[in-house]
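Asker: Handing you a structure now.
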Amino acid sequence: MANPKTPDWESLAKLPAFHELLAAKRRFIVPATVFFLLYYMALPVLIGYFPELMKKPFIGKVNGAYAFAFSQFLMTFILAWFYMRTAKKWDAMEHALLASIESKNS
Numbered sequence: 002m003a004n005p006k007t008p009d010w011e012s013l014a015k016l017p018a019f020h021e022l023l024a025a026k027r028r029f030i031v032p033a034t035v036f037f038l039l040y041y042m043a044l045p046v047l048i049g050y051f052p053e054l055m056k057k058p059f060i061g062k063v064n065g066a067y068a069f070a071f072s073q074f075l076m077t078f079i080l081a082w083f084y085m086r087t088a089k090k091w092d093a094m095e096h097a098l099l100a101s102i103e104s105k106n107s
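So our numbering is basically just the index in the sequence shown, starting at one, shifted up by 1.
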């Protein structure tokens, strides 16, 4: 069942704890997104500018391009794991914020 009280969004947006939560999310999300995009775009750039390097066998018949492409899958899973671990901290911050708001409204 939905909460019958409508939250006061304007007062929530003014709380320092809310700004701390937004800043914590921004500190992770912006660098992680930049890293992901740079890493993702590195493969086509490397293939375009350094084709001979990417054609060299890396492990057996697997060349550098295939090895780098596989590393992108690993990087995605590792980044997702870091995100989930960090999101637990954000959840705790959010629950504390909501608890403080509910205690003020009671």
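Even for Gly, the Cβ is constructed at its ideal location relative to N, Cα and C.
(1) Classify M42 as buried or exposed, calling it buried when 16 or more other Cβ atoms lie within 10 Å of its own Cβ.
(2) So, using beta-carbon positions, are L98 and A24 closer together than 8 Å?
(3) On the CB-based measure, 16 or more other CB atoms within 10 Å of its CB, does G49 come out buried or exposed?
(4) Nearest by alpha-carbon distance to V31: which of S72, W10, L80, L54 is it?
(5) Run the CB neighbour count on A66, radius 10 Å, all protein chains shown included, and call it buried at 16 or more, exposed below.
(6) Give the secondary structure of F78 by DSSP, where H, G and I count as helix, E and B as strand, and everything else as coil.
(7) Is the beta carbon of T87 less than 8 Å from the beta carbon of F29?
(8) Distance check for D92 and S12, CA to CA, integer angstroms please.
(9) Is A68 near F74, with beta carbons less than 8 Å apart?
(10) Can you give the Cα-Cα distance for K15 and F37, rounded to whole angstroms?
Answerer: According to the data block:
(1) Residue numbering aside, residue 42 sits at position 41 when the sequence shown is read from its first letter. Exposed, by the Cβ-count rule.
(2) Locating residue 98 in the sequence shown gives position 97, counting from the first residue. Locating residue 24 in the sequence shown gives position 23, counting from the first residue. No, they are not a contact pair.
(3) Taking the sequence shown and counting its residues from 1, one reaches residue 49 at position 48. It is exposed - the Cβ of G49 has fewer than 16 other Cβ atoms within 10 Å.
(4) Counting from 1 along the sequence shown, the entry for residue 31 is found at position 30. From the listed residues S72, W10, L80, L54, the smallest Cα separation to V31 is found for L80.
(5) The residue given as residue 66 occupies position 65 in the sequence shown. It is buried - the Cβ of A66 has at least 16 other Cβ atoms within 10 Å.
(6) For the purposes of this step, residue 78 is taken as residue 77 along the sequence shown, with counting starting at 1. Of the three classes helix, strand and coil, the one that applies to F78 here is helix, per DSSP.
(7) Walking along the sequence shown from the start, residue 87 turns up at place 86. Walking along the sequence shown from the start, residue 29 turns up at place 28. In this structure, F29 lies closer than 8 Å to T87 by Cβ.
(8) To locate residue 12, count along the sequence shown from 1; it is residue 11. To locate residue 92, count along the sequence shown from 1; it is residue 91. Whole-angstrom Cα-Cα distance: 20 Å.
(9) For the purposes of this step, residue 68 is taken as residue 67 along the sequence shown, with counting starting at 1. For the purposes of this step, residue 74 is taken as residue 73 along the sequence shown, with counting starting at 1. Between A68 and F74, the C-beta gap is not smaller than 8 Å, which leaves the two residues out of contact.
(10) By 1-based counting over the sequence shown, the position of residue 15 is 14. By 1-based counting over the sequence shown, the position of residue 37 is 36. If you take the alpha carbons of K15 and F37, they lie about 32 Å apart.
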